[in-house]
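As structure tokens, the structure follows; a few thoughts come after it.
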Amino acid sequence: TGCYSSDSVLLEVNPIPQFVSNILFGNACAPSAIDVASLINPFTTTAGADTLYYEDALCTILHPNPHAIYTQDTVYIVLVTNTIPYCSDTTMAIIDITSASNFIVSQDTLGNFSNCGPVGCANINLTDGNTETLYTTTDCRKVATVTDLTNGIDLGSTTICEDIECAVPFYNGQPYINRSYQITPSVNDSAEVCLYYLQQDFDDYNSVAFGTWPLMDPFSTLCITQVDNGSIGTLGSTAIVIPNSAITSTYDPITTVWKVCYKVDSFSYFYCH
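The sequence shown: position 265 = 302 (my numbering), numbered continuously.
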């Protein structure tokens, strides 16, 4: 009849979620558990609430608890995107649970000395009243232990970094232990911190302190300096000394590891001397 109209259609195409690899691998240190969903973090597509986890390759038996796996397991995943319309893809995750070691990070277990170099940083999540130990992911060695003291406040995601000097370091002419730590929670709050050292770390200290500084005795002379607003020597940083009377030290003669514990109201860098 000579009459017509037109319109436009907007077509949104959502790409299929691409897994970084065909098989995902996760590792936790017993007695800790692993959340399979945490392995999805590297994906470019965010997982939606409909992502499912199964016990069998045919994806017919739902996994009873994929967010807290305590034993070795294989989980089959159907990843569903959070887009509308959604897209999905499948993969499998192999979970390995390794027994936690009583050795500490960068410890030569034959000579029981420290292998020097930066340990790096990793995270633990701390809720009120909870205790967590950070282990290395490859060999489940201890890095540090933090207890979030009960007061209704969560420390939250807490980053722990450690560095090991190749020789006994000095500041203003005073030696200190080669292992230093930096702890940074999401919320500064009261906690108990336990750091780990080797007897050889203390022996190395004593070899350079002899005749000038008090020798290291974890039960009587060991103290910790907490440095805020930067590492030691940083312009504007401030130091708080935690005396030996506020520190509890225990020794494992089998591993030659010292566990040094003390309470804090805030976090920053920690140096032992």
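No residue lacks a Cβ here, since even glycine has one placed at the ideal position from N, Cα and C.
Item to check | Whole-Å CB distance - V205 paired with V245, under 8 Å assumed | outcome: Your numbering for residue 205 matches position 168 in the sequence shown. Your numbering for residue 245 matches position 208 in the sequence shown. Going by Cβ atoms, the distance from V205 to V245 rounds to 5 Å, so yes, they are a contact pair.
Checklist entry - Can you give the Cα-Cα distance for P52 and T111, rounded to whole angstroms? => result Residue 52 sits at position 15 when you count from the first residue of the sequence shown. Residue 111 sits at position 74 when you count from the first residue of the sequence shown. When rounded, the distance between both Cα atoms is 27 Å.
Next on the checklist: If you reduce the DSSP assignment to three classes, tell me which class L235 lands in.
Outcome noted: By 1-based counting over the sequence shown, the position of residue 235 is 198. Strand at L235.
Item to check | At least three beta-carbon pairs within less than 8 Å, the stretch 243–263 to the stretch 271–287 | outcome: yes
Item to check | A276 classed as buried or exposed, judged by whether at least 16 other C-beta atoms fall within 10 angstroms | outcome: Counting from one through the sequence shown, the residue named residue 276 turns up at place 239. It counts as exposed.
Item to check | Whole-number beta carbon distance between Y213 and C309, since they are thought to touch under 8 Å | outcome: Taking the first residue of the sequence shown as position 1, residue 309 is located at position 272. Taking the first residue of the sequence shown as position 1, residue 213 is located at position 176. Their Cβ separation, rounded to whole angstroms, is 6 Å, which keeps C309 and Y213 in contact under 8 Å.
Checklist entry - To the nearest angstrom, how far is it from the Cα of T173 to the Cα of L47? => result Mapped onto the sequence shown, residue 173 falls at position 136. Mapped onto the sequence shown, residue 47 falls at position 10. Distance between the alpha carbons of T173 and L47: 50 Å.
Checklist entry - Do you know offhand how far S223's Cα is from G193's? => result Along the sequence shown, read from residue 1 onward, the residue named residue 223 stands at position 186. Along the sequence shown, read from residue 1 onward, the residue named residue 193 stands at position 156. Approximately 5 Å, taken between the alpha carbons.
Checklist entry - Would a C-beta distance cut-off of 8 Å place P103 and V142 closer than the cut-off? => result Locating residue 103 in the sequence shown gives position 66, where the first residue counts as 1. Locating residue 142 in the sequence shown gives position 105, where the first residue counts as 1. Contact: no.
Item to check | Assigned secondary structure, A130 (DSSP; H/G/I helix, E/B strand, else coil) | outcome: The residue given as residue 130 occupies position 93 in the sequence shown. Three-state DSSP puts A130 in a strand.
Checklist entry - Considering only residues of the same chain and omitting the five flanking positions on each side of C96, which have a CB-CB separation below 8 Å? => result Here the question's residue 96 lines up with position 59 in the sequence shown. Cβ neighbours of C96 beyond the five flanking positions: L89, Y113, V115, T127.
Checklist entry - Just the Cα atoms here: how many angstroms apart are N59 and L76? => result Residue numbering aside, residue 59 sits at position 22 when the sequence shown is read from its first letter. Residue numbering aside, residue 76 sits at position 39 when the sequence shown is read from its first letter. Roughly 12 Å between the two C-alpha positions.
Checklist entry - Which value, in whole angstroms, describes the spacing of the CA atoms of W250 and N215? => result One-based indexing of the sequence shown puts residue 250 at position 213. One-based indexing of the sequence shown puts residue 215 at position 178. If I take the Cα positions, the gap works out to 16 Å.
Item to check | Proximity of D200 and V156 at Cβ, strictly below 8 Å | outcome: Mapped onto the sequence shown, residue 200 falls at position 163. Mapped onto the sequence shown, residue 156 falls at position 119. Yes, they are a contact pair.
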